[in-house]
Amino acid sequence: MQLRRQRRMKDPEGRMPLMDHLRELRNRLVKAMIAVALGTAFGYWVYKPVWEFLKAPYCALPEAQAVDGDSCNLIFTGVFDAFFVAFKVWVIVGILVSSPFWLYQIWAFVAPAMRGRERKFTYVFVPLAVILFLCGAALAYVITELAMKVLFGFAPADVMPMITIDNYLGYMLLMMMVFGVGFVLPLLVALLNLMGVLPHAAIAKWRRVIIFFSFVLAAVLTPAEPISMLALAIPIILLFELAELFCYINDRRNRSADPMADLGDDEISDLDGVMGENEEEGARGVPKR
1 MQLRRQRRMK
11 DPEGRMPLMD
21 HLRELRNRLV
31 KAMIAVALGT
41 AFGYWVYKPV
51 WEFLKAPYCA
61 LPEAQAVDGD
71 SCNLIFTGVF
81 DAFFVAFKVW
91 VIVGILVSSP
101 FWLYQIWAFV
111 APAMRGRERK
121 FTYVFVPLAV
131 ILFLCGAALA
141 YVITELAMKV
151 LFGFAPADVM
161 PMITIDNYLG
171 YMLLMMMVFG
181 VGFVLPLLVA
191 LLNLMGVLPH
201 AAIAKWRRVI
211 IFFSFVLAAV
221 LTPAEPISML
231 ALAIPIILLF
241 ELAELFCYIN
251 DRRNRSADPM
261 ADLGDDEISD
271 LDGVMGENEE
281 EGARGVPKR
């Protein structure tokens with residue numbers, strides 16, 4: 001271990017032999033999996049309150065008490081269904097609780113290969129991405145009750161819902177994941193602009209198309225009802241507008257710092273030729289034009 005550290009310190013760019021990379025990757029993965037396993041054990045301990053929290057939106061609906069009028073009714077139809085649902089909750093809690101540790105392991109593995117500017121972007125954008133993802137997941141949790149109320153409203157008056165716990169948990173996790181990722185996408189636009197990959201001119205050109213596909217994406221990823229679609233599409237579009245404004249300000253600042261940033265290669269070549277001629281004339285004592 002000490003030898004590998006010395007090798008890395010000798011190379012300021014963090015280059016390592018392939019086998020050393022593989023060994024370090026293995027060690028980082030083992031540490032991350034141990035952290036997730038310990039977090040999963042913690043998830044087993046807090047399973048009941050977490051499950052009560054997850055099923056609260058469903059239990060708030062009148063249809064949830066349709067069987068006996070008192071308790072919240074979710075069913076399971078397979079012998080192992082209850083165990084698998086509990087296990088999913090344990091693992092999800094484990095991943096969330098241990099996320100600071102395994103995120104650090106990822107960072108410790110890739111950071112030596114990053115340059116100063118890339119590290120600065122990471123320090124800013126990773127926390128922002130986590131915050132936006134959590135905001136999206138929280139919004140999905142909040143609107144779940146309203147979305148299910150709309151969906152249940154299509155059932156005839158004499159039809160009673162019998163929702164399985166596996167089906168309900170899958171619905172909740174899908175909604176929270178989709179909303180979380182959707183909230184992070186505009187941040188990716190800003191990051192690509194900072195890296196010089198996506199200029200504001202391209203974003204402005206395709207703005208209407210992006211807004212249209214935001215609604216299409218929301219309609220595809222969410223259940224077939226308007227509440228979830230609008231709840232996902234509208235925040236994404238608002239965040240995209242903020243990202244576009246950021247890209248505009250960033251490109252304008254870059255143009256102020258480098259006036260030739262918008263010139264093409266041919267224009268720069270012509271300008272270099274004119275400047276070269278002026279320098280030659282000045283060297284011969286000919287007045288500059």
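For the sequence shown, the UniProt record's numbering puts the final residue at 289, and the numbers step up evenly by one. Note that the Cβ used here is the ideal one computed from N, Cα and C, for glycine as well.
Measuring straight from C-alpha to C-alpha, what distance separates residue i and residue j?
i    : j    : result
S256 : A108 : 36 Å
L134 : P100 : 14 Å
L198 : L174 : 30 Å
L61  : C72  : 9 Å
I234 : L194 : 25 Å
G78  : K120 : 50 Å
V36  : V216 : 35 Å
S98  : A147 : 31 Å
R207 : F125 : 23 Å
F152 : F42  : 35 Å
M162 : Y171 : 14 Å
L221 : V178 : 7 Å
W102 : P156 : 48 Å
H17  : R117 : The sequence given here places Pro at residue 17; His does not occur at that position. Taking the straight line from one Cα to the other gives about 24 Å.
V189 : L242 : 10 Å
V30  : L38  : 12 Å
A218 : A113 : 36 Å
A86  : E52  : 12 Å
I249 : V150 : 41 Å
F76  : R26  : 39 Å
K205 : M176 : 31 Å
Y44  : F80  : 17 Å
F154 : P49  : 31 Å
A82  : K88  : 10 Å
Using only CA atoms, which one of the options lies nearest to residue i?
i    : options                : result
Y47  : D20, I163, P57, F84    : F84
Q105 : A129, E24, A41         : E24
T40  : W102, S228, L96        : L96
S214 : A204, M229, H200       : M229
L232 : C247, N250, L151, I211 : I211
K55  : L238, F76, T144        : T144
L192 : Y44, M160, D251        : D251
L128 : F53, N167, G180        : G180
R253 : G196, N167, A82        : G196
L74  : C59, V209, K88         : C59
V110 : F246, R28, K149        : R28
In or out: residue i buried (at least 16 other Cβ within 10 Å) or exposed?
i    : result
D158 : exposed
H21  : exposed
I268 : A caution first: I268 carries a pLDDT of 48, below 50, which makes its placement in the model unreliable, though a value can still be read off. So I268 counts as exposed.
L139 : buried
M19  : exposed
E244 : buried
I165 : buried
W90  : buried
F240 : buried
F183 : buried
M33  : exposed
A137 : buried
I131 : exposed
M160 : exposed
I203 : buried
L238 : exposed
V93  : buried
Y168 : buried
Throw me the rounded Cβ distance for the residue i and residue j pair, which I believe falls under 8 Å.
i    : j    : result
Y141 : P57  : 7 Å
I236 : L185 : 7 Å
Run through the DSSP bridge pairs and tell me what residue i is partnered with.
i    : result
T164 : I75
Under the criterion of a Cβ to heavy atom distance below 7 Å, does residue i qualify as lining the ligand HEM?
i   : result
A86 : The ligand HEM is absent from the structure shown, which contains no ligand whatsoever.
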